[in-house]
Amino acid sequence: MSVDAEGYGFPEHQRTLSRLIDDIRVLSPAGVERAAQGWDRHGRLHGLQAIHEAEKAAVHAIEKEGRGAAWDEVRRNLFGMTEAGGALVSWKAEHGEVGHKAEDAAFMAALGLVAGNLISKEQQAALVRPLSEALPWLLPEENQPVA
Numbered sequence: 483m484s485v486d487a488e489g490y491g492f493p494e495h496q497r498t499l500s501r502l503i504d505d506i507r508v509l510s511p512a513g514v515e516r517a518a519q520g521w522d523r524h525g526r527l528h529g530l531q532a533i534h535e536a537e538k539a540a541v542h543a544i545e546k547e548g549r550g551a552a553w554d555e556v557r558r559n560l561f562g563m564t565e566a567g568g569a570l571v572s573w574k575a576e577h578g579e580v581g582h583k584a585e586d587a588a589f590m591a592a593l594g595l596v597a598g599n600l601i602s603k604e605q606q607a608a609l610v611r612p613l614s615e616a617l618p619w620l621l622p623e624e625n626q627p628v629a
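Everything in the sequence shown is counted per the numbering used here, starting at 483 for the first residue and increasing by one.
What follows is the structure, given as structure tokens:
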């Protein structure tokens with residue numbers, strides 16, 4: 483296994499739900515804030531309408547392919563980490579408007595990864611783009627360091 487540009491022990495450019503959950507689990511309060519900023523920025527630039535259209539397409543594709551139970555499980559796990567009584571410390575620290583925006587970004591990114599190739603690359607990018615502000619591996623082609 484190689485280490486990617488961010489120093490994680492996942493193969494470079496591997497975009498998996500497991501990696502997303504692991505990263506959300508260790509996201510710092512600053513990372514939660516960056517995710518919320520990504521939600522604001524990309525909702526404003528690309529419009530929440532594009533995100534919501536991609537969300538509808540992903541949910542429809544997931545249900546059509548019989549992956550609804552898997553998506554429900556992912557949503558429950560994310561809710562437990564970000565919002566429930568046992569939420570992670572970093573998410574509790576950013577509870578409120580910032581936390582809710584970051585949570586929206588996390589849910590959309592997870593939805594994009596669960597839907598995978600069932601939706602277009604543009605739809606998947608619309609879903610993962612806000613969280614890529616905190617987790618650049620979600621869209622490595624858009625988050626290249628400036629030399």
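Ideal placement from N, C-alpha and C gives every residue a C-beta, glycine not left out.
- Item | First and last residue of the uninterrupted alpha helix (DSSP H) at L620 | Run containing L620: none; DSSP gives neither H nor E here.
- Nearest-angstrom Cα distance between E535 and S510? For the pair E535 and S510, the Cα-to-Cα distance works out to about 30 Å.
- Item | Cβ contact (3+ pairs, closer than 8 Å) linking the stretch 515-534 and the stretch 602-613 | Touching, per the Cβ criterion.
- Message: Tell me which residues share the same chain as Y490 and place their Cβ nearer than 8 Å to its Cβ, disregarding the 5 neighbours each side in the sequence.
- Response: Residue placement at Y490 is poorly supported in this model, since its pLDDT is 49, which falls under 50; the coordinates are not used for a value here.
- Straight-line Cα distance separating E615 from V580: Straight-line Cα distance between these residues: approximately 14 Å.
- Query: Does the distance from the CB of K591 to the CB of V556 come in under 7 Å?
  - Reply: Looking at the sequence itself, residue 591 is Ala, so the reference to Lys does not match. No.
- Burial state of T498 (16 or more Cβ within 10 Å): By the neighbour-count rule (16 or more Cβ atoms within 10 Å), T498 is not buried but exposed.
- Message: With H, G and I counted as helix, E and B as strand and the rest as coil, what does DSSP make of S500?
- Response: Looking at S500 - three-state DSSP - the assignment turns out to be helix.
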